[in-house]
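A.B. asks: I'd like to ask you about the structure that follows.
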Amino acid sequence: MTVAHQPWLVALSLLMAFQGSYVGLHLARQIGEATGLRHRRLIASSALSLALAIWTMHFIGMLAVDLPVAADFLVLPTLLSFLICVLVVGVAVFIVSPEWVSGRRLVAAALFMGGGIVVMHHLGMLALQKGFHLGHDPFATGVSALIGVAASGMALWLGFGDRAPRSLPGSAALLALGISAMHYTAMSGTSLHPHAVEAVGTQPALSPGLLAVVVSVVAFFVSGLFLLTLVPIRPAPEVAVLSRAAPGGLEAAPPRRETRARRARSPRVPSPRPRPRPVHRLLRPIRRFCRSSAKVSSAVSTSCVSWPCRRKRITRSCSTVKRPGFAL
Numbered sequence: 001m002t003v004a005h006q007p008w009l010v011a012l013s014l015l016m017a018f019q020g021s022y023v024g025l026h027l028a029r030q031i032g033e034a035t036g037l038r039h040r041r042l043i044a045s046s047a048l049s050l051a052l053a054i055w056t057m058h059f060i061g062m063l064a065v066d067l068p069v070a071a072d073f074l075v076l077p078t079l080l081s082f083l084i085c086v087l088v089v090g091v092a093v094f095i096v097s098p099e100w101v102s103g104r105r106l107v108a109a110a111l112f113m114g115g116g117i118v119v120m121h122h123l124g125m126l127a128l129q130k131g132f133h134l135g136h137d138p139f140a141t142g143v144s145a146l147i148g149v150a151a152s153g154m155a156l157w158l159g160f161g162d163r164a165p166r167s168l169p170g171s172a173a174l175l176a177l178g179i180s181a182m183h184y185t186a187m188s189g190t191s192l193h194p195h196a197v198e199a200v201g202t203q204p205a206l207s208p209g210l211l212a213v214v215v216s217v218v219a220f221f222v223s224g225l226f227l228l229t230l231v232p233i234r235p236a237p238e239v240a241v242l243s244r245a246a247p248g249g250l251e252a253a254p255p256r257r258e259t260r261a262r263r264a265r266s267p268r269v270p271s272p273r274p275r276p277r278p279v280h281r282l283l284r285p286i287r288r289f290c291r292s293s294a295k296v297s298s299a300v301s302t303s304c305v306s307w308p309c310r311r312k313r314i315t316r317s318c319s320t321v322k323r324p325g326f327a328l
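Following this line, the structure appears as structure tokens:
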């Protein structure tokens, strides 16, 4: 027995995937410009926003399944699926968060994140318990795993890639479609097998529709809180002009990510060789030294020649002095 979905819950899951992806990518694109404590806060909030978007979309997607009987969700597997999603997305964001993201880092982070999302999906499906068990088509499971890895790589590239498109709504829409495609591809290969004796139980306290609305409101509130507290407030035009103009007429330095992209696009120009100085310029200090030494030597010789003459004048002046009591 194949599964069917309620259309309005499917649309709600797509909306929550888009909203969480928008907030997560918006915060991820500011990591390269931040330093210190703000840098770590942006990494954590971006990873948590993306993980919340992925998990909320999968959870609402499971609630959208039109089951023949009432089903219950076990608390422990549901909580473990959320924690696994947060862990794998956080590690992947931490891997690609440095200033320069190489291709190997991106591929490794995408494989780790995609594999964790697949585990999260099937662990969440195990939380669905009632008078039936679920069967999974291996082909659909494999295709969904490939889509999960591709969606993870696309999310990391859109958030941290230097050549990623700058359109934030378009990037969030692509990521939301990738996440949703992974989930509903896996669900297309899922089949329901009722038990021989259907378990008798009470109806759940919350209907699937009401539970989906509650989860959506909580996820929307958390993502909005991240967006309001971590996005800097834009200054007024007058303040922006004054902040860009420094006292010496200097403008504020561009962000590191834009500087790297500009440096990568600009062609490498070899540094010019220093021009050799002419010979007559190299001999200038020697000429100055010779002139100064000649002046010193001439002054010394003049003083030596004039010293005897001065001595004779002094002796003559002393001999002409009249002493009292003596006749000269």
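Heads up: the sequence shown begins at 1 in full-length UniProt numbering, then just goes up one per residue.
Just so you know, even glycine gets a beta-carbon here, dropped at the ideal spot from N, CA and C.
Return the Cβ separation of A64 and L128 in integer angstroms, given the expectation that the two are a contact with Cβ distance under 8 Å.
C.D. replies: Counting from one through the sequence shown, the residue named residue 64 turns up at place 64. Counting from one through the sequence shown, the residue named residue 128 turns up at place 128. The pair is not a contact, with the Cβ atoms about 12 Å apart (cut-off 8 Å).
A.B. asks: For L168 versus M154, is the C-beta distance shorter than 9 Å?
C.D. replies: Residue mapping note: residue 168 aligns to position 168 of the sequence shown, counting from 1. Residue mapping note: residue 154 aligns to position 154 of the sequence shown, counting from 1. Cβ atoms of L168 and M154: not closer than 9 Å.
A.B. asks: Helix, strand or coil for T185, going by three-state DSSP, please let me know.
C.D. replies: Residue mapping note: residue 185 aligns to position 185 of the sequence shown, counting from 1. In this structure, T185 counts as helix in the three-state DSSP scheme.
A.B. asks: If P77 and L134 are in contact, beta carbons under 8 Å, what's the gap, nearest whole angstrom?
C.D. replies: Position 77 of the sequence shown, counted from the first residue, corresponds to residue 77. Position 134 of the sequence shown, counted from the first residue, corresponds to residue 134. Not a contact, Cβ separation roughly 13 Å.
A.B. asks: Only counting the same chain, and skipping five residues up and downstream in sequence, which positions put a Cβ closer than 7 Å to that of A34?
C.D. replies: Here residue 34 refers to the residue found at position 34 of the sequence shown. The answer, listed in chain order, is L42.
A.B. asks: Taking only the alpha-carbon atoms, compute the straight-line gap between H5 and T190 and give it to the nearest angstrom.
C.D. replies: Mapped onto the sequence shown, residue 5 falls at position 5. Mapped onto the sequence shown, residue 190 falls at position 190. Their backbone Cα atoms lie some 12 Å apart in a straight line.
A.B. asks: Just how far apart, CA to CA, sit L48 and V86?
C.D. replies: In the sequence shown, residue 48 corresponds to position 48, counting from 1. In the sequence shown, residue 86 corresponds to position 86, counting from 1. Each residue's Cα considered, the two are about 6 Å apart.
A.B. asks: Do you know offhand how far F73's Cα is from S223's?
C.D. replies: The residue labelled residue 73 in the question sits at position 73 within the sequence shown. The residue labelled residue 223 in the question sits at position 223 within the sequence shown. If you take the alpha carbons of F73 and S223, they lie about 24 Å apart.
A.B. asks: Looking only at C-alpha atoms, which of R40, V143 and G114 sits nearest to F94?
C.D. replies: In the sequence shown, counting from the first residue as 1, residue 94 sits at position 94. Comparing Cα-Cα distances from F94 to each of R40, V143 and G114, the minimum goes to R40.
A.B. asks: Using 8 Å for Cβ pairs, my map puts M113 next to A92. What's the rounded Cβ distance?
C.D. replies: Your numbering for residue 113 matches position 113 in the sequence shown. Your numbering for residue 92 matches position 92 in the sequence shown. Contact flag correct, Cβ pair sits at about 4 Å.
A.B. asks: Can you name, in chain order, every residue of its own chain whose Cβ lies under 8 Å from the Cβ of D66, other than the five neighbours on each side?
C.D. replies: Position 66 of the sequence shown holds residue 66. V3, A4, H5 and Q6.
A.B. asks: Taking its Cβ as the centre, do 16 or more other Cβ atoms sit within 10 Å of Q19, making it buried, or is it exposed?
C.D. replies: Looking up residue 19 in the sequence shown gives position 19. So Q19 counts as buried.
A.B. asks: Given a cut-off of 9 Å on the beta-carbon distance, is the pair I60 and S13 in contact?
C.D. replies: Position 60 of the sequence shown, counting from 1, holds the residue named residue 60. Position 13 of the sequence shown, counting from 1, holds the residue named residue 13. Their beta carbons are under 9 Å apart, which means I60 touches S13 by this criterion.
A.B. asks: Rounded to whole angstroms, what is the Cα-Cα separation between V217 and A181?
C.D. replies: For the purposes of this step, residue 217 is identified with residue 217 of the sequence shown, where counting begins at 1. For the purposes of this step, residue 181 is identified with residue 181 of the sequence shown, where counting begins at 1. So the two alpha carbons sit approximately 23 Å from each other.
A.B. asks: Relative to the C-alpha of G24, which residue among L15, A11 and S46 is closest?
C.D. replies: Position 24 of the sequence shown holds residue 24. Taking only the C-alpha atoms, the option nearest G24 is S46.
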